[in-house]
Structures are given as C-alpha cells and as structure tokens.
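See structure below.
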Amino acid sequence: MTSKPKDQTTSGAKPASFAPVGPLTGQITVPGDKSISHRSLILSALAIGKSEITGLLEGEDVLATAAALRAMGAKIEKKDTVWTVHGVGVGGLLQPETAIDLGNSGTSVRLLMGLVASHDISVTFTGDASLSKRPMGRVIDPLSQMGVNFTARTSVDGKACLPLTVRGLCPAVPLEYRLPVASAQVKSAILLAGLNTPGVTRVIEPVLTRDHSETMLKGFGADLTVETNKEGSRIISLIGEAELSPQKIKVPGDPSSAAFPIVAALLVPGSDIVVENVGINPTRAGLFNILQQMGGNISFKKKRAVGGEPVADIHVKHSKLTGIDVPADIAPSMIDEFPILFIASALADGTTTTSGLHELRVKESDRLHQMATGLGLLGVDVTEKEDGLVITGSGGEPLTGGKKIKPIETALDHRIAMSFAVAGLATASGLTIDDITPAETSFPGFADLMKELAS
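UniProt numbering numbers the first residue of the sequence shown as 1 and each following residue consecutively.
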C-alpha cells in the first residue's frame, strides 16, 4: 500500500507544568486495567448474547477497540457505569465499510489482527503517526503461517507498518508456534485467531508474559489448557472452533496506571496514600517487587480475587530508595513500567542498572532514548545502552528544574508524559512537558488526580 501515516502535528498539543508540592495524601482509585479492558470487549464481542462490563478503562486506546468491534458488527453501548456488549459469536464478524483507525493503540491493532485473521473478511487498519511507525512483523509472521494474507506499508528500515490490510482465511490452518520473544500481544493474537480455526492452536511460551488472555478465554468458556514442559516453557493449547458464553466482568484498577501515583508518593517527603482496587496479577506486578527491593514502603491490604484476578489496596509511604541491578528476566512483568522506574532510580541513592529492554525501543516511542534524553536535561547521570539505562541517582536531592530547562519532549507517548509529570514533583523548581494529552490514551484525568493528591 502507498498510503502515508497521518502527519504528526503539535497543533493539539497541551503543554503542562509540574512543580514540587506538599505531601501526597489520601485514598484514590485509578482507571481500569487497559489489558483486561481490551480483552473484555473483544471476547464479549465474540460471545453469543449480552455481556456486561463495569470498571472499563475509558481511555482513547480502549475506545478505539470498541469502535473497531462496532464496525465489525458488535453492538456496544454504555449506560451509566455499565458497558453492554451484544456479541456476534465466534466467526460472526462482518466486513467493515471503511478502514479502521486505531489511533495510538498498539494493543488494539495487534489483537484485532489476530481476531480478523480467521474470519472471511478483509480489514484495513490505520493509526496516528506514532502507531504507524511501530513494527507489525512479529504478529504478521505467525498469522501468515495460518494462511492469512497481509499487505502493509514498508518503513524506511524495511519493517511492516500501518496502514495494513488483513485478508482473513476461514478456515485458517491451526498453528503450533514458539514465541521467539516474550510478547503477550503476539500470544494473544494467535489465540484469538485460533478461536475460529478448527483443530488445536498451540503457543509455546519460554518466558511467562501477562496471562489475562488465557484466564479470560477460559472464563468465557473456551477449551484452553496450560501446561509446563520439562524446560519450564508454558504450552498453551486452544481447541477451535470455540463457542463463548457472555459474562459479567468487573475490571480492576490498572497496575500500570497505579505505578505513577505510587512512585510519586515514594519520592515526595511526608506522603502517605492508598491506591484502591488495583490488579496485582503476578505477571503484571514486577514494578512493585522492584520498588520494594529498592526500599520502597509498599504494602498490600485487603487482598482478594475479582473475576479470577488478584486485587488489593496498595498502601504507600515516602521512602528512601537505593539503586539496584534490575534482573533482565523481570522485564515481561513490568515492561510498561520502566519509564516510571527510571524516575524513581533518578532519586535513589546509588546506581540502578537495567538490561534486556530492547522492547522499549519499539513502543509508542523509543522509550529508552526519550527517557535518557529527558533525564539528562534534569541533570541526572544517565547512560543509554542498547538494551537499557544505567542511572546514578541523586540520593533524594531534588533534580534540576525551572525555566532554564526546555520542555521535555513526550513524543506522543503517554507513559513518557506521565513519568516526567511525576519527576516534576521531585525537582527543585518544576518542569514543563511539551504535551500532556497523550495521557488520555490510558489514564483519563491523570493531571487532575495528581492535583487531588497534593491538595
């Protein structure tokens, strides 16, 4: 295809300044878990009957998934706080009338590529300038082995990117696929394709990634099993063609969103907060473990299970942090939280070393480079490696800030924006980020919530 991605424009940018405040106190909730929200909508759209979802994250990424599913025949509505989804059944997706714009949501496009793959329809996906730069080959490769045809724009460095057209195959060919890199999105795309594929679709996962897809697929009634072989790899087997039953789902708070107020409370002297109803699935809780190892005063109250997902209220107090060597094998359980960990490391006593983070180069931005550049502007001793950052912290001393520091570039990346917003609270005189609007993709009301904590 010859279409070009949308122009990246700053016309809608909204600069925002963040400065030191008094102690952060109080009880708060954060938006619903983004991963679970996407999957709740997708699986409900494939069930036969009406599903109800509460706590759904109403950020731009999840709303893009909802709009895409509507375009393919699902009836999705919101009344008060409840989202209802009338599903079309596995195999029942319809041909959309136009291309589907997924904005900035990499999760949406990769999961929906798998969903469409085993349907007899052709769908073109587009996105904004940031999403249009992100590589899609890791999803295209396994789905192509199932007989699915793809046409994609080729980037200047030879990678398959959006705009991208999926020409589904029904019936598709069942696949056994060993993940070459840890990726919950690739795993989920294959399993979603397997729902409408006769026979057994199998994914071999050498490194555990977030397991929401497996848990929720079983909850919706799919015939799915998970075993561990003698090498320690997880073998996930799904029997198609599946029939899914509608569910009532309560989405817990997103641990990736909770990470921002949690780190802010650790860094701001005198802070004492509780973040309520946060998902603490072990495949997502790596950051909390690392912060505790660094000396963070973090405790989990009222542990419980909601819809099969472990949930707790997280109590956080200001703490003196110490730098550590972060094990590379923990990356899959906190891959989205490294930007905010880098902020915590910048205020810690000693050096924090991270590695195995190649994935951060191909997120909404090159997160390693963006974080290293921004931290450098704040006077942080940071070294950018190919697969991580080495940060020598200030020992709790405020970072450089003020009007002499040019605005931090967020590169249309929500986690970069929110991470440096938190950093502003730990500077001598504040900082400005060039655009706070990306935060709306995953954390609607982020800036207001941070002000609430400081009031």
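A virtual CB, placed ideally from N, CA and C, is assigned to each residue, including glycine. None of the values given here were measured: they were computed from a predicted structure.
query, result
"Rounded to whole angstroms, how far is the Cβ of THR354 from the Cβ of LEU389, which I believe are closer than 8 Å?", "6 Å"
"Identify whether ARG284 lies in helix, strand or coil by the three-state DSSP scheme.", "coil"
"So, at 8 Å on beta carbons, what are the nonlocal neighbours of GLN145 in its own chain, with the 5 sequence-adjacent residues on each side left out?", "VAL173, LEU175, TYR177"
"Only counting the same chain, and skipping five residues up and downstream in sequence, which positions put a Cβ closer than 6 Å to that of THR392?", "THR351, ASP381"
"Rounded to whole angstroms, what's the CA-CA distance from ALA312 to THR427? Just pull it up for me.", "31 Å"
"Any idea if ARG234 is buried or exposed, counting beta-carbon neighbours within 10 angstroms, 16 or more meaning buried?", "buried"
"When DSSP builds the beta bridges, which residues end up paired with LYS385?", "GLY388"
"Do ALA117 and VAL166 count as a contact pair if the criterion is CB distance below 9 Å?", "yes"
"Is the distance from the Cβ of residue 460 to the Cβ of VAL88 below 9 Å?", "For the chain, the structure presents residues 1 to 455; residue 460 sits outside this window and is missing."
"Would LEU94 be called buried (16 or more neighbouring beta carbons within 10 Å of its own) or exposed?", "exposed"
"First and last residue of the beta strand (DSSP E) that includes GLN27?", "25-29"
"Taking only the alpha-carbon atoms, compute the straight-line gap between PRO20 and LEU375 and give it to the nearest angstrom.", "17 Å"
"If we define contact as Cβ-Cβ less than 9 Å, is GLU205 a contact residue for chain C?", "Any reference to chain C falls outside this structure, which holds one protein chain only."
"Check for me: the alpha helix (DSSP H) holding SER299 runs from which residue to which?", "From DSSP, SER299 is part of no alpha helix (DSSP H) but of the beta strand (DSSP E) over 297-306."
"According to DSSP, simplified to helix, strand and coil, what is ILE48?", "strand"
"Tell me the DSSP bridge mates of CYS161?", "ARG153"
"Using the beta-carbon count (16 or more within 10 Å), is THR9 buried or exposed?", "Residue placement at THR9 is poorly supported in this model, since its pLDDT is 42, which falls under 50; the coordinates are not used for a value here."
"Please work out which residues of its chain come closer than 7 Å, Cβ to Cβ, to ALA189, disregarding the five sequence neighbours upstream and downstream, and give them in chain order.", "ARG110, LEU111, MET113, GLY114, VAL139, LEU143"
"From the DSSP output, in three-state form, read off SER17 for me.", "strand"
"How is PHE125 classed by DSSP in three states: helix, strand or coil?", "strand"
"What's the call for SER345, buried or exposed, on a 16-neighbour Cβ count within 10 Å?", "buried"
"Taking the alpha-carbon of LYS133 as reference, which of ASP141, HIS119, LEU162, ILE121 has the nearest alpha-carbon?", "LEU162"
"Beta-carbon within less than 6 Å of ARG415's beta-carbon, same chain only, minus the 5 sequence neighbours each way: which residues are those?", "PRO339"
"Three-state secondary structure (DSSP) at THR84?", "strand"
"Taking the alpha helix (DSSP H) that GLU241 belongs to, which residues open and close that run?", "That residue, GLU241, is in no alpha helix (DSSP H); it is neither H nor E in DSSP."
"With 16 other CB atoms within 10 Å as the buried threshold, where does HIS358 fall?", "exposed"
"Can you tell me which of the three DSSP states LYS404 falls into?", "coil"
"Would the segment 418-433 count as touching the segment 397-405 if we require 3 or more Cβ pairs under 8 Å?", "yes"
"Report the option in ALA160, LYS302, ASP435 whose CA atom is closest to the CA atom of GLY12.", "ASP435"
"Taking the straight line between their C-alpha atoms, what separation do you get for LEU24 and ASP141?", "47 Å"
"DSSP state of HIS369, grouped into three classes?", "helix"
"At the level of alpha carbons, what is the spacing between ALA265 and VAL62?", "28 Å"
"Residue range of the beta strand (DSSP E) that LYS78 falls in?", "75-79"
"Is the distance from the Cβ of LEU449 to the Cβ of VAL30 below 9 Å?", "yes"
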